[in-house]
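J.: To start, I am sharing the structure in question, which I have written as structure tokens.
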Amino acid sequence: MKMDEQNKVGLREKKREDVCPSKKGKLDLESVRAQIEQAAAEKTGPEYWRSLEELAGSADFQEALHREFPKGASEWVDSVSRRGFLKVMGASLGLAGMTGCVRLPLEPIVPYVRQPEEVIPGRPMFYATAVTLGGYASPVLVESHLGRPTKIEGNDRHPASLGGTDIFAQASILTMYDPDRSQSVMSMGDQRSWQSFLTVIRGPLNAQKALQGVGIRILTPSISSPTLADQLRNLRKIYPQAKWHVYEPVNRDNRLEGAKLPFGQPVETRYNLEAADVIVSLDADFLYAGFPGNVRYIRDFAKRRDPGGNMNRLYVIESTPSSTGAKADHRLPLRAVDIEWFARALAGALGLDAGVPDLTGEVAKHADFLAAVARDLQAHGGASVVLAGDHQPPVVHALAHAINAKLGNVGKTLFYGDPVDANPVNQTESMKDLVADMRGGKVDLLVILGGNPAYDAPADLDFADLLKSNKVSLRVHLGLYQNETADLSHWHINQTHELEAWGDARAYDGTVSIIQPLIAPLYNGKSAHEFVALLSGQADATGYDLVRGYWQKQQSGGDFEAFWRKSLHDGWIEGTAFTSKPVGTKANNLPLPTQLNENALELNIRRDPTIYDGQFSNNGWLQELPKPMTKLTWDNAVLLGPKMATRLEIKTEDVVELELNGRKVTGPVWIQAGHPDNSVTVFVGYGRRRAGRVGTAQGFDAYSLRTTAAPWFATGLQMRKTGETYKLASTQGYQTMDTPNGDTRALVRETTLEEYRKEPSFAKEEEPAPGLTLYKPYPYKEEDYAWGMTIDLNSCVGCNNCMLACQSENNIAVVGKEQTVIGRHMHWLRVDAYYQGDRDNPKAFFQPVPCMQCENAPCEVVCPVGATNHSSEGLNDMVYNRCVGTRYCSNNCPYKVRRFNFFLFQDWETPQYKMMRNPDVSVRSRGVMEKCTYCVQRINERRIDAEREERKINDSKHEDELQTACQQSCPAGAIIFGNINDANSKVSKLKAEARNYSLLSELNTRPRTTYLAEVSNPNPELKS
Amino acid sequence: MSQIFHRSTNTLSRATIFGAVFVVAALLWVAMEVQRSSYVTYAGVRRPQPVPFSHQHHVTGLGIDCRYCHTSVEISSVAGIPPTKTCMNCHSQIWTNAQLLEPVRASYRSGESLHWTRVNQLPDFVYFNHSIHINKGVGCNTCHGPVDQMPLMYQQASLEMEWCVECHRAPENNLRPRSQVFNMRYQQPTSANPVVVEGKSYTDQATLGKDLVEKYKVRSVLDITSCNTCHR
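Shown next as structure tokens:
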């Protein structure tokens, strides 16, 4: 982190204290901690809490509870003088009444010259394609308005999606339109043409041809594209000595090596979680974006969380709090190093020889837990599964394989098959080899096809310095951004985004999707296919010809045109999924356990939950998306547990210096409930030096601690306070709903399966009588439609995908860190995280909160200008053009779901963003209130279609035609929206369930959004 | 101490206070009239177009149906502005050398779109859907006026909210049989000129409108005056 940046923030803080005297009574964390201790001792805190401050019942928290927006949100924080302010106010008063009196400017209409046959202006088209992450394809359908892609949906017929997406797929549309993307070929800081690059590259290529390509090195990220892999392999025909290296910072080396240990071959594991009664995760965050297949796994997992059915049980042993851990029936926080010991002990308990006869260290403290897990697994042989996390060492993976084999799970709850990666090498080794060759002067031409190794390569390889040292005479970088690596390359070629170019990729199960462009390249880039074709002498080959040509070769006989059209239409190629592969187990050759120091401080390095390895740094949606557990935005932090924080007297936002083997980095602390002791977690992906206007210089660069020897965790960390503080933007305590202790029921309601069976309607409470209002009740029951929603807290895994789907569908603005700090973020839908119990290992719950669409909406009656009104179908409409920004409505909203445009947050100028927006939703301007509309644009479109065809929406032939954006892309199927006047609709059936309850129902708001209470399935042996 | 102001000042001040009410009212009236005038709404204003296309000639003179050019009017929110190709369907055969049509031919040759000036323009926060109006029996000329008599296109109505809502509050006043939607010379029923719908003859709009509201399942007034009908 840059110190001057910190100081700036510090100064700003100070200024705000001056303008807002109430800020001076700032949270005194010392006393808060004392209060926490006291509260813990006296058990006076709330049962369910959202932040440690709330648990302590601090005065500041109480105030936040009673406020419409967090403190400071309504203050004028910019340095505008009183005089300037009065001038502006005077002018706006004068103009206030005149805003309606404007002449519309003359607008042109630009029709097609020849209209494509299928295009109907005003109706979107959907194309099946895929976006990739780490080589794994997410099959998607992209909504296109007159040739402009505007929204990503999951491909509902694809087995890897079933309609769901993850946050990275949702946000890819913003990356495509990013105005900071590289827009031209660059050489040494000058804009050049593709032609000039062709001229320059011809000489070296010819020279290499004579040398059999001995000096050529190609560095790619993980690639699953069959076409690109074929191209790269064919390249060897021209340059037999050229080498293909693969490196990605978030690689799956451990998984690969873990499979090689018992099987001798790099097979990949795929799970069938629907068949699993007992799931044990050894640090595997399999219910969160980035884990290959997570979208499908979430669906399968959620299917087994219905308390009316056969519920599964999830044990999570994890080294940092994750959303998967929050869904666990039993969670055990352990240091990452201890997890190997736990795995060995578990294997031992199941009768395998795992090299540890006795329980030692941290694991010994949890012997009961271990024994219970082992017994539960044993009782569910063939219907259980043990998953190991990507950052756990190969031995943990090997142990998981052994346990699964021992329990007879192979072929039932998990399958082995070929890896999706087309070149499944050990990427760390591959990078090491490349660096050795570069140092040895063996590399004449280094081609970096995407990726950003100058930023994210292991720190001990000094890759960036090596690039700078000119050991390699010609370095070419192909990339979406002119990033750190582009800076150090002789030539940078601007790459096309996956939504702009032809390609192909495999989903987690091996199914190939053809990637088809949704728009012509915005900046005339080149795809990786086209670039590799150039190296093989086909400079003019188009991506379309290359991909199509490859598949034509694969199709011997048959009607290729029909095959091609079907594959494009469906979004995948039939019969390309990998089949289950029988694997022979070699002799038990587990490496011996290493000695452990119980109290050694551990550094745990993880990919960032929202910006991944840093490749999404410049994506404002992902930057502003609160991370699932910390709810931090725009920054990474040093996460540590409350116990350790107390011991070391460290507070949240204290800046600490981390030192590991002489490498240092400084960053602010975030105290995270449930974090294991003697361990700190840092997320990589921040501290970018050259990302773009959004991502540059946000947070600190944790890659500088990451080495080839310890890519994911290491003990021996030293941490010391620097005495400085740094402001973090966490939305954790914001928009907290008021539930005075004891007065009302908790907002998240949960019980155990056992209790649920005794009392299924445990969450219900008596609601006030319908007529209990001064206003005349409206006969909603007589309408054709009455819209309602249920959110199943049991299915929700807190993946945040709904928030991004909503942001994309409803043109929601990004506000930036400073505005988020003061609580002005604009998300219409938020996912609250609640904790319960012990601070060091609390249970956690997620609760997505959109607008409740109250039948007796408190916001409506206070609007002085009638800008928010009720529709006949029960929607709480928001009319932006009437809103004058009094904010009375949000002041009166008990759910705190209304968002106010304090500034002109929308970018009205940048042409790319104009193209990206959903044309069916108004773009809001400064000074208006906005909130969730239940995607009223979708309701209206579907209604018009239905009325034209003289039928009802969602009738038997058009099931699920109307879905809200959050519902459509929810991988868990937790959000169900529909017509509650139709007793047969899904939503009506769910609302009739015993678990159904509404938030703050005692206020007689009669919310249309209700929740299905959470039911956990704990092991009766482990009653805590 | 003597009076500073003369006695008549009292009357004067009374008159001024009294008169101010009228002045303010007059100012408000002027503001509203300006707002409703064609200066603001563009109603009746003929706008510059790259080609002086005459709806009168094409509709009345040649009898071309609205939907020949505005193809998506029955299925989409927008009626659709014809691509150059539609013009050239005929004009590659007739008037092939007309100077007036040179921009059309140029567009077809170069692939550059024609830039028409939008005539019926709604603000961006209003979402109008053609297809549902057509489907419920609102004729083209109900909103667009006598397009068949417009040598140069202009906007007939003010397209202001009060104008929209006038019909949404009483749709029966404007509905006609679906078969007559594209008939530019359709007349509302009178005893002299009855309208026959499925064998039943109507002699006044009130009865016809009421029946059509039921027949076409037009949603209730409360439904179609909900804010989200047009604003989202």
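From first to last, the protein sequence lines are chains A and B. Residue 506 is where the first sequence starts when you use our numbering, and the numbers rise one by one after that. Residue 503 is where the second sequence starts when you use our numbering, and the numbers rise one by one after that. Quick reminder that beta carbons are idealized off the backbone N, C-alpha and C, glycines included. As the structure is a computational prediction, the values presented were derived from the model and not from experiment.
Using a Cβ-Cβ cutoff of less than 7 Å, which residues in the same chain neighbour Arg678 (chain B) once the five nearest sequence positions on both sides are dropped?
T.: Gly639, Gly641 and Tyr688
J.: So which of A:Tyr752, A:Gln717, A:Gln688 and A:Thr637 has the shortest CA-CA distance to Ser729 (chain A)?
T.: A:Thr637
J.: Assuming Met1224 (chain A) is part of the alpha helix (DSSP H), what are its boundary residues?
T.: Premise fails: Met1224 (chain A) lies in the beta strand (DSSP E), Gln1223 to Thr1230, not in any alpha helix (DSSP H).
J.: What residue ranges within the segment 704-733 of chain A form continuous beta strand (DSSP E) runs of no fewer than 3 residues, ordered along the chain?
T.: Taking only runs of at least 3 residues, the beta strand (DSSP E) segments lying wholly in the segment 704-733 of chain A are 721-725.
J.: Hey, quick one: how far does the alpha helix (DSSP H) through Asn777 (chain A) stretch, first residue to last?
T.: From DSSP, Asn777 (chain A) is part of no alpha helix (DSSP H); its letter is neither H nor E.
J.: Whose C-beta lies closer than 6 Å to the C-beta of Gly668 (chain A) among residues of the same chain, with five residues either side of it excluded?
T.: Gly659 and Asp661
J.: Taking the beta carbon of Asp895 (chain A) as the centre, do at least 16 other beta carbons fall within 10 Å, making it buried, or is it exposed?
T.: buried
J.: Check whether chain B comes within 8 Å of Glu648 (chain A), counting only Cβ atoms and requiring the distance to be less than that.
T.: It does not: the Cβ of Glu648 (chain A) has no partner Cβ on chain B nearer than 8 Å.
J.: Pop quiz: Thr1545 (chain A) and Asn957 (chain A) are said to be a contact at Cβ under 8 Å. What is the actual Cβ separation, rounded to whole angstroms?
T.: The structure shown does not extend to residue 1545 (chain A), since chain A spans only 506 to 1529, so no value can be given for it.
J.: Identify, in the order they occur along the chain, each residue of the same chain with its Cβ nearer than 8 Å to the Cβ of Asn1183 (chain A), setting aside the five sequence neighbours on each side.
T.: Arg840, Glu1103, Asn1104, Ala1105, Leu1106, Glu1107 and Met1149
J.: Under a three-way DSSP split, which group does Asn643 (chain B) fall into?
T.: helix
J.: Beta-carbon separation of Ala734 (chain A) and Ala927 (chain A) under 8 Å?
T.: yes
J.: Return the CA-CA distance between Asn1246 (chain A) and Arg1254 (chain A), expressed in angstroms with no decimal places.
T.: Any reading at Asn1246 (chain A) must be qualified, since the residue scores a pLDDT of 48, below 50, and its modelled position is unreliable; the value itself is stated next. Going from the Cα of Asn1246 (chain A) to the Cα of Arg1254 (chain A) covers about 14 Å.
J.: Answer yes or no: do Gly1238 (chain A) and Arg555 (chain A) have a C-beta to C-beta separation smaller than 8 Å?
T.: yes
J.: If Glu1164 (chain A) and Trp1292 (chain A) are in contact, beta carbons under 8 Å, what's the gap, nearest whole angstrom?
T.: About 56 Å; that fails the 8 Å criterion.
J.: Select from A:His835, A:Met1383, A:Leu983 and A:Arg1403 the residue whose C-alpha is nearest the C-alpha of Leu466 (chain A).
T.: There is no way to answer for residue 466 (chain A), as the model of chain A reaches only from 506 to 1529.
J.: From the DSSP secondary-structure annotation, give me the bridge partner or partners of Thr1110 (chain A).
T.: Sequence check: residue 1110 (chain A) is Ile here, not Thr. Paired residues: A:Val1187.
J.: Could you tell me which chain A residues have their CB closer than 7 Å to the CB of Gln658 (chain B), listed as they occur along the chain?
T.: Result: empty, since nearest Cβ-Cβ is about 16 Å, beyond 7 Å.
J.: In chain order, what residues of the same chain lie with their CB nearer than 7 Å to the CB of Thr1391 (chain A), ignoring the 5 residues before and after it?
T.: Pro1369
J.: Using the Cα positions of Val1426 (chain A) and Lys947 (chain A), report the straight-line distance between them to the nearest angstrom.
T.: 57 Å
J.: With 7 Å as the limit, tell me which residues of the segment 1372-1395 of chain A have their beta carbon closer than that to any beta carbon of chain B; keep them in chain order.
T.: Going along the segment 1372-1395 of chain A in chain order, one finds Asn1374, Ser1376, Ser1377, Leu1380, Asp1382, Val1384, Tyr1385 and Asn1386 with a Cβ nearer than 7 Å to chain B.
J.: Pull up the distance between the alpha-carbon of Leu616 (chain B) and that of Leu602 (chain B), whole angstroms please.
T.: The alpha-carbon atoms of Leu616 (chain B) and Leu602 (chain B) are separated by roughly 13 Å.
J.: Any beta-carbon of chain B closer than 8 Å to the one on Pro616 (chain A)?
T.: yes
J.: Under a three-way DSSP split, which group does Ile844 (chain A) fall into?
T.: Of the three classes helix, strand and coil, the one that applies to Ile844 (chain A) here is helix, per DSSP.
J.: Over the uninterrupted alpha helix (DSSP H) stretch that includes Pro1512 (chain A), give me the two end residues.
T.: Premise fails: Pro1512 (chain A) is in no alpha helix (DSSP H) and is neither H nor E.
J.: Here's a check: name, in chain order, each residue in its chain whose Cβ is nearer than 6 Å to the Cβ of Leu1210 (chain A), leaving out the five neighbours to either side.
T.: Leu1165, Arg1168 and Val1170
J.: Quick one, are the C-beta atoms of Asp650 (chain B) and Val561 (chain B) less than 8 Å apart?
T.: yes
J.: Taking CB distances under 8 Å as the criterion, tell me whether Arg620 (chain B) reaches chain A.
T.: Yes, Arg620 (chain B) lies at the interface with chain A (some Cβ there is under 8 Å from its Cβ).
J.: Straight-line CA distance for Ala533 (chain B) to Met663 (chain B)?
T.: 17 Å
J.: With DSSP run on the structure shown, which of helix, strand or coil describes Val767 (chain A)?
T.: Strictly speaking, residue 767 (chain A) in this sequence is Pro, with Val absent from that position. Pro767 (chain A): helix per DSSP, three-state reduction.
J.: Quick one: what does DSSP say Thr1213 (chain A) is sitting in, helix, strand or coil?
T.: coil
J.: Could you tell me whether the segment 1309-1316 of chain A touches the segment 1466-1473 of chain A, using the rule of 3 or more Cβ pairs below 8 Å?
T.: yes
J.: Going by C-alpha to C-alpha distance, which of A:Ser978, A:Gly763 and A:Lys832 sits closest to Glu1519 (chain A)?
T.: A:Lys832
J.: Report buried or exposed for Thr1016 (chain A), applying the criterion of at least 16 other Cβ atoms within 10 angstroms of its Cβ.
T.: buried
J.: Counting contacts by CB-CB distance shorter than 8 Å, is Thr1415 (chain A) in contact with chain B?
T.: no
J.: How is Thr511 (chain B) classed by DSSP in three states: helix, strand or coil?
T.: helix
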